[in-house]
Each structure stands twice: as C-alpha cells, then as structure tokens.
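First the structure, in the form of structure tokens, and then the observations on it.
In the working numbering, the protein residues as written are 709 to 1427.
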C-alpha cells in the first residue's frame, strides 16, 4: 500500500508539473514581445510562490529571466533577481540567495526602484542573520528603515517585524518588543487589516513567549472586537485568531496552560466574559490533543456556565457540543448522551430563532416593497394632476387670446361683433363639453389603473406569502425526513454498538478467565521451581557440612548461594502477583540478607549501604544480574575484611541514559596488584564476564580505597 500511495503522489506531481509546463509553453511560443512574456511569466511565478510551490515558481522564473534580460528593462530585471533571491532564502540556500540579491542591487541602483531596493536590504539582512553576522544584518535593516522613512514611511512595518524577530533570536527581548510594537502601531494607525493582523500575530507570539499576560489579553480583546464587526469567519485564520501560538517544540503543556489561565483570569476580572470563554476553549483543546479529556472538560464546563450567565445560546451550543465530544472520547457515553440531548435542544432553539429572524426580515422587505409601490402610485397621481393643471392653464390662455381678439375687432359692426361673440361662446361651450368628457374618461381610466395596480400588488403579496409557506412546508418536510433518517441511523448504530459491545464483552470474559487460569498456572510453576531450587540449596548446604576439604566445601557453599539467588527470584514472582517482573529493591535487599546470614556477617562487622532504583525488571534480565550481584557481594564478604577491619559495602543499581548502572564497592583490601579481569582464570570472574557479555555490559574492575566493580548494562528489559 505504501508503494501504491507513493506512486499515486508521484504521478499526480508529474501530471501537475506537465500541466504547468504546457501553460509555460503557451506563453513562450506565442507571438508576444519579450516584455509581455517576461511580465506574464513573472506573475505566474509569484502565484506559485504564494502557494509555497517553490520548484514551480523557480521553473517560471528561469523561463522569464532570459526574456527580461533581452528587454534591458532595469526594473524588471532587478525584480526577477529579487524574486530569485527571495526563493533561495525560503529554500535556505543562503549563498545562492546573496548572489542573486547582489545582482538585483546592481540593476536597481541604475534606475533607483524603491520597492526593489527595500526588498533587497531586508533579504540581505535575513541572509546575514543565518550566517550569524549580526553587524551586517543590523546594517541592512537600518538601510531598509532609512529608505522606507524617505519614500514610504508606512512600509517600515515590514522592516520592524523582521528586526523584532532578529532581536528575539539574539535574546535581546527589550529591543525585540520595541520593534514589534513599532510595527503594530504603524499598521493599527493605517488600518490595513491584513498588515495589522500579521503584526498583531507576531506581537502576540512574542508576548506569549515572554509570559506578558496583560499585554496579550489587550491584544486578544482588540482582535475579538474586530471579528464582531465583520461577517467573515476568522476562526481558522492564524493571522486573525492568534490563540494558535507558535509555541517552541520544547514548551511543556503545563507552561502553555498556565499562561492561558493567567490570560483568562485577567479577561474575566475585567468582565470580558466571552473572551475568557474563548481562552478556556483553547486550554481544553490543548488537553484534548494530549488525550487528557477529563481535564479538558473542566474548562469547557466553565465556559458553559459563562455562556449561561450571558444568555448566549450560540456559545452554549458550541461548548455543549465540545463537551459531548470530550465525554465521548473519554468513554463516558451515558453523560455524553445526556449532553447530546442538550445540544439538540439548543440547536432547535437557535434554528427557531433564526427562522423567526428570517420571517421578520422577509416581512420587513415585503412592507418596504409595498411602501415603494404606494409612493410610485402617488407620484403617478401627482403627475396626472400636474398635467390637468397645465390643461387648465392652456384653456385660460385661450380665453385671454379670445378677449384680445375681440378687442382688436372693435371696428367691426355690431352685428358682426355679436355673431363673432355667439360663435366664440358656442366654441367655448363645445370645448368645455369636450373637456368634461375627456376628464371623465381620464378619471375612469385612472381609477381602473389604480384598481389593477392594487390587484397586482395584492396578488404579488399573496404569491410571496404562498411561496414562503410552501418553502416553510418543504423545509419542515425535509427536516422531518432528516430527523427520522437520523433517528433510524442512530438506532441502527446503537444496535450495532450494543451487539459489538456484547460480543466484545463475552470475548473479554473468556480472555480474562484464560488469563486468570494462566496466571494461577504460572504462579504454581514459579512456586514449584522455587521449592525445587530450595531443595537443591538445602542439599548443597548439607553436603558442604560433610565435606572435609575446606576449598571444596567453600565451592559447594558458593553454589548454594547462587541457587538461593535464583530461588529468591521465583519466590518474588509467585508471592507478589507479578509473574513477569521482579522488584529490584526488594529482591536485592532479600539477597543481601541471605548472603549476610550465610557468611555470618552482622551490621557490626560490615555496614551495607544500598542505592537502588525501584525498578521492575524482566526475569531474563534479573537472573544474570542476581547471579553477578551474588558473586560480587560474596567475594567482598569473604575476602575484603580478613584483617578484621570495620567494613563498608556499597551497592548501587540505577537507570541512566539508556543503560543500567550496577556498582559494587567496599573499603577492604581490594584486588591484588596487577589483576587483569579479562585474563582471570577464577570461576567467579569467568561467570561475571559471561553474564556481562549476555547483558551487553561494559565491565570495569579497579581499586579505589577498596575493590570496585562497575557494569554499564545496555541490554535490559523492564517488565
């Protein structure tokens, strides 16, 4: 499977690179000028760079650089070299980066392009930081700062962020804080959200690393105030949600939790309850990642209490959902089911509230549309009234003209004058009659238009209301289907889980019974082995009493002690209920007591000091270790204090750096001068060397105010 996955990834990368190569070929082989090709290739390289696809970006830059050189455009060529240098910096190729940047500087100086030069200075400073050349790095940072101060004062924030990182890496934290804060105030004043988010993120990480709780809390409040004023979700954007602190790898969990607890206490003390809950959520997430679900749950429950105090249903839903997840992961399924009921109830409440808000919004929209149409209708009526007034005015002008005409014709005869007057009166009456007819038709037409508009508006309103009801019915049906389906799936899942649980439980009972039987059997075996070894030890003890030869008797006695050391191991295995391992402290103390009894040694003669770690060693490790210890202690008790001096015997067994250290020393006569442990012919030393090889131990035998034997054991196993 691993090979298949690797081949799939390789094929996808190859196909993607082929597609990128085809796009590049489209640009290179078209009829555009070198200037146009270079500009287009550079834009594509920037896109790949911003997506962290550095190899592809380098490919497009390599294709565009020769065409840029053909244009003899100093600014464009410098821009290419700057981008190549930036790419080399990102890929940690410092020497190559500096070479590109020097070329870029040479081309930028010719036409003095501010942005190119500023980028060059910052990148050269970063290169010198990597070369541990602090003086040169600081020189280029200062050049960048001075250049920006002259040409674009705001862009100093980029330099200040890099200088803050530089001083922080040099452990000059006061200077680092000064420059991080300078960048912060510049971007805050300018109000460019992307820039300010970045400076806030860097400053927040610095405050967290320096445990500056109060300042971190102020930044968190500022960040939260911004997120309230926008509909965009910043919860997974590290630039705007800087609770995702870039902790050092070696930072212990408790240190992170302690810092966040201090931040939370500061926020709660200043009545920023919602922000305090947010910090509690981050603490819970840290514990959840470590698998410490119960501890995470405490902080989530505290956030639930705060959400209740604020009557914040959304936060109550979020934190109850998180509590359900933690209870489920922690195996507390009954409590998780109880919390799940609360989650569903809160979800229904929130959904109902959202539906109500949506209905109110639709109603308000409908009323607004209705009002707009009424206003339009009134405007139309006003327009008709205006035209009627204009018609009356024109009639009035006609009357005035008629009077003027009559006055101009005074010279006519009275008969003609009377005839003209009668004619004018007849025309006037006819006009009035025609006007009244027209006005009546207009009024009728207007009333019909208004009725139609009212009817259309009413139909539209009814249509919208019907559509809204249909939509609500569809939503209710879909929700009912989803709930029924979810309940069915939940019941199925519960049935499957119950079946699997019963099946697993029956298996566990069988396995537990077999395990118990096996444990009883192993205890019985160890008991019998111990009894057999005890019998052998007793036989050897009786045999030593009947042997006249002291050397032979002593050899038998030593054999008895060796058997006794192994018997003690099996005694520990069946008596303590731990059938796999031996408690070193208890075993060695029992072994020392047996050896002292065997050689009739009391505390008045030899004072025994022990420094033994409380380890639980595997039987395969403990048996050779016990035999070696038996041999070394026996050797000290027999030979070290023959001259009757007050003796002191020290035994050390402890775990150090991937090995066990066994050290046995006394203040006796020591080993004979010229003793070579590797060439010794004695049985005891041969046995010690054999077991040292088995345990892959370094054996060191020397005198230091008495005999000292050290073994650094690398092959050991804890039970």
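Glycine residues also receive a C-beta, built at the ideal position from the N, C-alpha and C atoms.
Nearest by alpha-carbon distance to residue i: which of the options is it?
i	options	result
residue 830	867, 1011 and 843	867
residue 1414	1425, 1226, 1353 and 1426	1353
residue 1390	838, 1340, 1423 and 1369	1340
residue 1355	1363, 795 and 1374	1374
residue 979	1001, 1232, 1024 and 1015	1015
residue 757	1152, 1198 and 796	796
residue 973	963, 964, 985 and 962	985
residue 960	924, 998, 1380 and 976	998
residue 769	786, 777 and 749	749
residue 1301	1267, 1338 and 1319	1338
residue 1336	1272, 1378 and 889	1272
residue 1395	1332, 1351 and 1363	1332
residue 1426	1378, 878, 1363 and 1372	1363
residue 781	1056, 815, 1232 and 808	815
residue 1309	1329, 1328, 1277 and 1347	1347
residue 813	1040, 1171 and 787	787
Determine the extent of the alpha helix (DSSP H) in which residue i is found, giving its start and end residues.
i	result
residue 1333	1327-1343
residue 1022	1021-1037
residue 829	822-838
residue 911	901-917
residue 760	Element bounds for residue 760: n/a, residue is neither H nor E.
residue 993	981-997
residue 804	802-819
residue 1418	Element bounds for residue 1418: not the alpha helix (DSSP H) but the beta strand (DSSP E), 1415-1421.
residue 920	Careful: residue 920 lies outside any alpha helix (DSSP H) and carries neither H nor E.
residue 864	864-877
residue 792	782-798
residue 857	842-859
Please check the pair residue i and residue j, which I expect to be a contact at CB under 8 Å, by giving their CB distance rounded to whole angstroms.
i	j	result
residue 833	residue 870	7 Å
residue 1058	residue 1022	6 Å
residue 1291	residue 1322	7 Å
residue 784	residue 822	About 15 Å; that fails the 8 Å criterion.
residue 1423	residue 1397	Incorrect: roughly 15 Å between the Cβ atoms, too far for contact.
residue 911	residue 892	5 Å
residue 848	residue 836	7 Å
residue 914	residue 885	6 Å
residue 1349	residue 1376	5 Å
residue 1024	residue 1008	Actually they do not touch by this definition, with Cβ atoms about 11 Å apart.
residue 970	residue 921	4 Å
residue 824	residue 852	In fact, because the Cβ distance is near 12 Å, the residues do not count as touching under 8 Å.
Roughly how many angstroms lie between the CA atoms of residue i and residue j, to the nearest whole one?
i	j	result
residue 1334	residue 1418	15 Å
residue 1270	residue 1408	22 Å
residue 1475	residue 1246	Residue numbering for the chain in the displayed model covers 709 to 1427; residue 1475 lies beyond these limits and cannot be assessed.
residue 818	residue 790	15 Å
residue 1049	residue 1000	24 Å
residue 1037	residue 1185	34 Å
residue 1431	residue 1219	Only positions 709 to 1427 of the chain appear in this structure, which leaves residue 1431 out of reach.
residue 1325	residue 1289	5 Å
residue 1033	residue 1294	45 Å
residue 765	residue 752	8 Å
residue 1239	residue 1402	27 Å
residue 901	residue 792	28 Å
residue 1119	residue 1133	Low confidence applies to residue 1119: its pLDDT is 48, below 50, so where it sits in the model is not reliable, and the reading given next is rough at best. Distance between the alpha carbons of residue 1119 and residue 1133 is about 20 Å.
residue 776	residue 747	8 Å
residue 1079	residue 926	47 Å
residue 1189	residue 874	60 Å
residue 717	residue 763	For residue 717, the predicted structure reports a pLDDT of 33, less than 50, and the residue's modelled location is therefore unreliable. The matter cannot be settled from this model.
residue 1416	residue 872	56 Å
residue 1361	residue 1369	6 Å
residue 1261	residue 1411	29 Å
residue 1241	residue 1307	20 Å
residue 1086	residue 755	56 Å
residue 877	residue 918	13 Å
residue 724	residue 741	With a pLDDT of 39 at residue 724, under the threshold of 50, the predicted position of this residue should be treated as unreliable, though the coordinate-derived value follows. If I take the Cα positions, the gap works out to 27 Å.
residue 1150	residue 1187	54 Å
residue 1039	residue 850	58 Å
Just curious, the beta strand (DSSP E) that residue i is in, first and last residue?
i	result
residue 1367	1367-1374
residue 1309	From DSSP, residue 1309 is part of no beta strand (DSSP E); its letter is neither H nor E.
residue 1410	1405-1411
residue 891	Counting along the chain, residue 891 falls outside any beta strand (DSSP E), though it belongs to the alpha helix (DSSP H) covering 881-898.
residue 1359	1355-1364
residue 1290	1289-1291
For chain D, is any of its Cβ atoms less than 8 Å away from the one on residue i?
i	result
residue 1335	Here there is only one protein chain, and chain D is not present.
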